[in-house]
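One structure is given below, encoded as structure tokens.
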Amino acid sequence: MNRLKHNWLICRAVAEVTYKEWSAYRTHSLVSVIVGPVYFMVQYFIWTAVYGGQTTLGGLDLQQMIRYFGATALIGYLIMDFADWNLSMLVRTGKFLTFHLRPVHHRSFALYQKLGHRMLGFLFEFLPCLLIFIFIFGIDMRPASLPWTLVSVLLAFLMNFYVNYTIGLTSFWLVQSGGIRSAFLLVSGIFSGALIPLDFFPHWLQVTQLFLPFQYIAYMPAMVFTGHYSLGGLELSLPEAVGMQGAAVLVMFGCNELVRRRAMKQFTAVGA
Amino acid sequence: MKKYVDVYKQCMYSAIQTASAYRMNFIVSSLITLVGNILFPLVTLLIYRAGTSFPGWSLYEVLLIQSIFTMSSGLSSLVFGGLLWTTMSHVREGSFEVILLKPLNPLFYIVATTFSVESVGLFLGGAALFIFSAMHIGAISALAWLQFTGMFLAGTAVLAGLSLMMAAMSFKWVGNSRISELADSVLHVGKYPLPIFPKAVQAAATLIIPVGMVGYLPASALLGRVQAADFIAILPCFVFMGAGIWVYRHMIRLYEGVGG
């Protein structure tokens, strides 16, 4: 119990400090208030044109499709992360040593930082864009099931963090992991479902996505939001889908822990 | 004039030498850019694969728009790609004075020293897609090629203007690494056939921030779909680039060194 309380105090302190630190750059977050709606507007007109007279595409009607893109944009603000870049920078400069000596696990520290950073994102990106989507675009942004959507977004938050942190860990071998990071961003951008719902992909690629982490970051929470999840011929109810997402997060955490332990053996603290 | 040409040639040479010093990084970056471009029209491919389309546009016609957009971005990025980040870095660190002390036009100096060799991958990826889609749209007349060339250059001028305006913004919005996202979001409109957007967006994308000239109008020229009135849109493109140069030079005058 004491340990839980101790961790909670650390979490609150780190999140609070990160929030204050990034509050100095809150206008950076406000860029999303312009960028998000512009991207959404383009998606809106693309899909309105593409649907034409058709009622459904990829199992979604036009309204569901618009809601899907609204949800992916908003969820993106809640789960955004750059733990990979941060960790890579710490390893490259040798500053990771100072974290190695602290009585707090760096992964936990990074997670708490992300919490603080995204709290700022919630206020300066998520809320303004949600209001724009509802009142300017007139989109119904009520989730099919609020509790399951919240759990799914939380799991997407963790999945995104663990995946990014694992990418960052490659710096212990490569020092400069920019190439891997760019390649991952490219693949993730396509296969997370942020560009187009994964139902549009060929069947074999949809099935492959069930075993990769990408769909659990954007596609699954967005589909849970719309109230209907299917991929590669697999139709799941919301609790089943969220359960599968939870299992995927656990597997990813296990992989991350495995890589982290091996990475620590590589650490030489050069540059500190 | 000769001095400027010589300086630019020397800067290009230095950029190539730098790229060859970090060959692996250059190859990986170029490959990722190339693959990224191959995957860029994926959404279009998947939409057409699902049995639907952009009304009035075949798959290859949409790919033609997107390939021209990519080529134009590659060309602009080659020349103006590093302008934003270099300006931003100098302003943040307060080292812009060093550039102001050089016996050269500061804007020219920054443009010349940020020649981005890596953008060759972007241009080549777009060119490959362009050749592929152009081969599927039938015969193209010499007049259409001429119209295309003029519009393509105008589109590249729009991208240059956008780069200049974003870089100029960094003089006041210090250290905001997300400025480029503003330009990217507006450019997104130029990647698709303009008629799918409402008239107001079409007008803005032709006359105010003429992103329609980056992909849509040059592709229309090749397809023989341009009207005489469309050529009027060339003028705002060069006005836009001129405005970018003016704004950047104006912001230089407002620069206040605080670091150093």
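Chains as they are written, first to last, in this note's numbering: chain X, 257 to 528; chain W, 4 to 263.
Ideal Cβ placement from N, Cα and C applies to all residues, glycine included.
Pairwise C-alpha distance: residue j and residue i
i, j, result
"glycine 263 of chain W", "glycine 449 of chain X", "Its pLDDT being 47, under 50, glycine 263 of chain W is placed unreliably in this model, and the value from its coordinates should be taken loosely. Going by the C-alpha atoms only, they are around 45 angstroms apart."
"serine 285 of chain X", "alanine 157 of chain W", "33 angstroms"
"alanine 528 of chain X", "leucine 353 of chain X", "In this prediction, alanine 528 of chain X has a pLDDT of 49, which is less than 50 and means its spatial position is unreliable; nothing more can be read from the coordinates."
"arginine 252 of chain W", "tyrosine 112 of chain W", "13 angstroms"
"aspartate 396 of chain X", "aspartate 317 of chain X", "14 angstroms"
"glutamine 465 of chain X", "leucine 127 of chain W", "30 angstroms"
"histidine 239 of chain X", "isoleucine 30 of chain W", "In the structure as shown, chain X starts at 257 and stops at 528, and residue 239 of chain X therefore has no counterpart that could be examined."
"methionine 172 of chain W", "proline 213 of chain W", "19 angstroms"
"leucine 386 of chain X", "serine 183 of chain W", "23 angstroms"
"leucine 66 of chain W", "leucine 132 of chain W", "7 angstroms"
"alanine 269 of chain X", "leucine 406 of chain X", "24 angstroms"
"tyrosine 275 of chain X", "leucine 376 of chain X", "6 angstroms"
"threonine 524 of chain X", "methionine 321 of chain X", "49 angstroms"
"cysteine 14 of chain W", "phenylalanine 118 of chain W", "7 angstroms"
"alanine 329 of chain X", "isoleucine 248 of chain W", "34 angstroms"
"alanine 163 of chain W", "valine 242 of chain W", "11 angstroms"
"tryptophan 264 of chain X", "isoleucine 335 of chain X", "20 angstroms"
"alanine 474 of chain X", "threonine 90 of chain W", "34 angstroms"
"leucine 477 of chain X", "leucine 87 of chain W", "A small correction: the amino acid at residue 477 of chain X is proline; leucine does not occupy that position in the sequence shown. Looking at the two C-alpha atoms, the distance is approximately 35 angstroms."
"alanine 504 of chain X", "glutamine 462 of chain X", "16 angstroms"
"alanine 203 of chain W", "proline 44 of chain W", "26 angstroms"
"leucine 78 of chain W", "serine 122 of chain W", "8 angstroms"
"phenylalanine 421 of chain X", "alanine 519 of chain X", "The sequence shown places tyrosine at residue 421 of chain X, not phenylalanine. When rounded, the distance between both Cα atoms is 12 angstroms."
"glycine 488 of chain X", "glycine 445 of chain X", "19 angstroms"
"valine 409 of chain X", "methionine 415 of chain X", "10 angstroms"
"phenylalanine 355 of chain X", "arginine 374 of chain X", "22 angstroms"
"leucine 451 of chain X", "tryptophan 341 of chain X", "23 angstroms"
"isoleucine 390 of chain X", "tyrosine 307 of chain X", "22 angstroms"
Interface residues of chain W facing residue i [CB-CB closer than 7 angstroms]
i, result
"alanine 439 of chain X", "Ile35"
"isoleucine 446 of chain X", "Leu42 and Leu45"
"isoleucine 302 of chain X", "Tyr195 and Ile199"
"glutamine 310 of chain X", "Thr55"
"alanine 305 of chain X", "Phe57, Pro58 and Ile199"
"leucine 206 of chain X", "This structure cannot speak to residue 206 of chain X, because chain X is shown only from 257 to 528."
Neighbour list for residue i in chain X, Cβ cutoff strictly below 7 angstroms
i, result
"valine 192 of chain W", "Val298"
"isoleucine 237 of chain W", "Those do not exist, as isoleucine 237 of chain W stays about 24 angstroms from chain X at its closest Cβ, beyond 7 angstroms."
"valine 189 of chain W", "Val294"
Run of the alpha helix (DSSP H) containing residue i, from where it starts to where it stops
i, result
"glutamate 64 of chain W", "62–83"
"glutamate 532 of chain X", "What is shown of chain X runs 257 to 528, which leaves residue 532 of chain X out entirely."
"leucine 149 of chain W", "145–172"
"tyrosine 472 of chain X", "Element bounds for tyrosine 472 of chain X: n/a, residue is neither H nor E."
"isoleucine 436 of chain X", "434–447"
"phenylalanine 380 of chain X", "Run containing phenylalanine 380 of chain X: none; DSSP gives neither H nor E here."
"asparagine 416 of chain X", "402–425"
"tyrosine 534 of chain X", "Here chain X comprises residues numbered 257 to 528, so residue 534 of chain X is not present and cannot be evaluated."
"methionine 4 of chain W", "First-last for methionine 4 of chain W: undefined, no H or E at that position."
"aspartate 187 of chain W", "182–190"
"glutamate 272 of chain X", "258–279"
"methionine 216 of chain W", "Here methionine 216 of chain W belongs to no alpha helix (DSSP H), and DSSP marks it neither H nor E."
"lysine 202 of chain W", "202–206"
"phenylalanine 393 of chain X", "Phenylalanine 393 of chain X -> no alpha helix (DSSP H), and no H or E assigned at all."
"phenylalanine 241 of chain W", "237–257"
Contact set between residue i and chain X, taken where Cβ atoms lie within less than 9 angstroms
i, result
"glutamate 184 of chain W", "Val287, Ser288, Ile290 and Val291"
Chain-ordered neighbours of residue i on chain X, where CB pairs are closer than 8 angstroms
i, result
"leucine 49 of chain W", "Ile452, Phe456 and Phe457"
"alanine 53 of chain W", "Leu313, Gly314 and Phe456"
"valine 94 of chain W", "Residues of chain X passing the Cβ test: none, with the nearest at roughly 15 angstroms."
Residue range of the beta strand (DSSP E) that includes residue i
i, result
"leucine 487 of chain X", "485–487"
Closer than 8 angstroms at the beta carbon, the chain W residues around residue i
i, result
"leucine 284 of chain X", "In the sequence as presented, leucine is not what sits at residue 284 of chain X; that position holds histidine. Those within 8 angstroms of histidine 284 of chain X in chain W are Asn179, Ser180 and Arg181."
"glycine 435 of chain X", "Asn28, Val31, Ser32 and Ile35"
Contacts of residue i in chain W (Cβ-Cβ under 9 angstroms)
i, result
"leucine 442 of chain X", "Ile35, Val38, Gly39 and Leu42"
**Cβ-based contacts, 8 angstroms cut-off: residues of the stretch 24–42 of chain W near chain X** = Asn28, Val31, Ser32, Ile35, Val38, Gly39 and Leu42
**Request:** Only counting runs of 4 or more residues, tell me where the alpha helix (DSSP H) segments fall wholly within the stretch 79–143 of chain W, in order along the chain.
**Result:** 86–96, 99–103, 109–116 and 123–137
**Asked** Using a Cβ cut-off of 9 angstroms, which residues of the stretch 55–79 of chain W contact any Cβ in chain X, in chain order?
**Response** Thr55, Ser56, Phe57 and Pro58
**Prompt:** Taking a cut of 8 angstroms between CB atoms, which residues from the stretch 376–391 of chain X lie near chain W?
**Reply:** none
**Item:** Whole alpha helix (DSSP H) elements within the stretch 309–382 of chain X, 4-residue minimum
**Value:** 318–335, 339–349, 352–356 and 362–377
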